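Numbering (mature numbering (1 follows the signal peptide of the UniProt record, and there is no 0)), first residue to last: -20 to -1, 1 to 244.
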C-alpha cells in the first residue's frame, strides 16, 4: 500500500492548508499591463487561455492618447496579426487561447502615439516598447480560478487523493479492531499503530518541464516549461543543458549526428 501511495502522491500540487505560490502579475480582471524597460514574467496553465496582455503601461492607460497604433512581435520574431489561436484587439490587447509549450517566449509590443505641444502645435510621434516573457506551466498560479469545475482539475484530484488516504487508514483501523475482537482466533493477528500510515509527497515535474529558482524567482516552486538550450527527458525537477535545443519544452537532446543531418 505504501508503494502505491508514493506513486499517487506524485500528482499532488497544493495540499489544503498549504499556501500555494501566487503570481503578483495578475490583477482581479486578468489583465496585465506592460512596464517600459522591464519585461513581465507570466505563467500560463497548460491548455488554458493566457491573461490579456495590454500594450500600454498602467499610468498611460489613465491618459488620453492621440492616434495610437500597436505592433505585436511573437516568440518567432515575426509580426503577429492574429489568428484562431491568437486574439489581438484594435486597442492592442493580446490573448493566446489553449496555451501550449511552443507558444512560450518573448511577446513584444510597440505602442506609437502622437503628442502635440500646446505652444507651437507641433506634433511628435512617441514610441514605447513593452516586453512580456510568457511561460507555460501545467500547474500555474491561478489554476483554481481557471478550472471552472473541470473533472480533471488538480484541486479535485488533490481532494480525492487525500480522501483515499483517509479511507485506507480507516480500513486498517477497522480491520485491526475486527481481528482483535473476533472470537475466531484462527484469523491472523493484526495490529495497527495509529498515525503510522503516511503519504509521501514526491517533488517531480513532467518531461519537458523543470524548476529554476534563478530564472523563475516569483514562481520558484512551479514546474515551468524548459527554456531553449535545456531539456528534461523524465520526471526530474531540473532542466538539463543542451545547446542544440532551440525550442521550449524539449524532452530530449539531439545527438551530433542528428544535428548534422538537420543542418544539411
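Ideal Cβ placement from N, Cα and C applies to all residues, glycine included.
Predicted model only: the values in this text are computed from it and were never measured.
Nearest-angstrom Cα separation, counted from residue j out to residue i
i	j	result
residue 71	residue 179	51 angstroms
residue 224	residue 234	7 angstroms
residue 145	residue 183	18 angstroms
residue 35	residue 107	11 angstroms
residue 237	residue 45	Legend: pLDDT at residue 237 = 46, less than 50; position of this residue unreliable, no value from coordinates given.
residue 148	residue 176	12 angstroms
residue 202	residue 22	12 angstroms
residue 115	residue 32	14 angstroms
residue 63	residue 90	19 angstroms
residue 84	residue 110	16 angstroms
residue 4	residue 154	Here the model assigns residue 4 a pLDDT of 35, short of 50, so the residue's position is not dependable and the matter cannot be decided.
residue 6	residue 96	Note on residue 6: pLDDT 38, under 50, position unreliable in the model; the coordinate value appears next. Roughly 34 angstroms separates the two Cα atoms.
residue 82	residue 229	7 angstroms
residue 232	residue 190	13 angstroms
residue 112	residue 150	50 angstroms
residue 251	residue 227	Nothing can be reported for residue 251: it is not among the residues displayed for the chain, which extend from -20 to 244.
residue 66	residue 218	30 angstroms
residue 105	residue 50	13 angstroms
residue 214	residue 39	45 angstroms
residue 102	residue 216	60 angstroms
residue 193	residue 24	17 angstroms
residue 220	residue 26	21 angstroms
residue 77	residue 30	6 angstroms
Unbroken alpha helix (DSSP H) run spanning residue i, endpoints
i	result
residue 245	This structure leaves residue 245 out entirely; the chain is present only between -20 and 244.
The beta strand (DSSP E) enclosing residue i, as first and last residue numbers
i	result
residue 34	32 to 34
residue 12	11 to 13
residue 46	46 to 53
residue 20	20 to 25
residue 76	73 to 76
residue 67	66 to 68
Bridge partner(s) assigned by DSSP for residue i
i	result
residue 110	89
residue 189	205
residue 221	210
residue 102	Answer by DSSP bridge pairing: none, since residue 102 is not bridged.
residue 79	In the DSSP output, where bridge partners are listed per residue, residue 79 has none listed.
residue 59	53
residue 94	46 and 105
residue 115	23
Beta-carbon separation (whole angstroms), residue i vs residue j, contact threshold 8 angstroms
i	j	result
residue 93	residue 74	Going by Cβ atoms, the distance from residue 93 to residue 74 rounds to 18 angstroms, so no, they are not a contact pair.
residue 212	residue 206	5 angstroms
residue 210	residue 222	6 angstroms
residue 117	residue 204	5 angstroms
residue 79	residue 143	Residue 79 to residue 143, Cβ: 30 angstroms. No contact.
- Query: Do the region 55 to 68 and the region 8 to 18 make contact, defined as three or more Cβ pairs closer than 8 angstroms?
  - Reply: no
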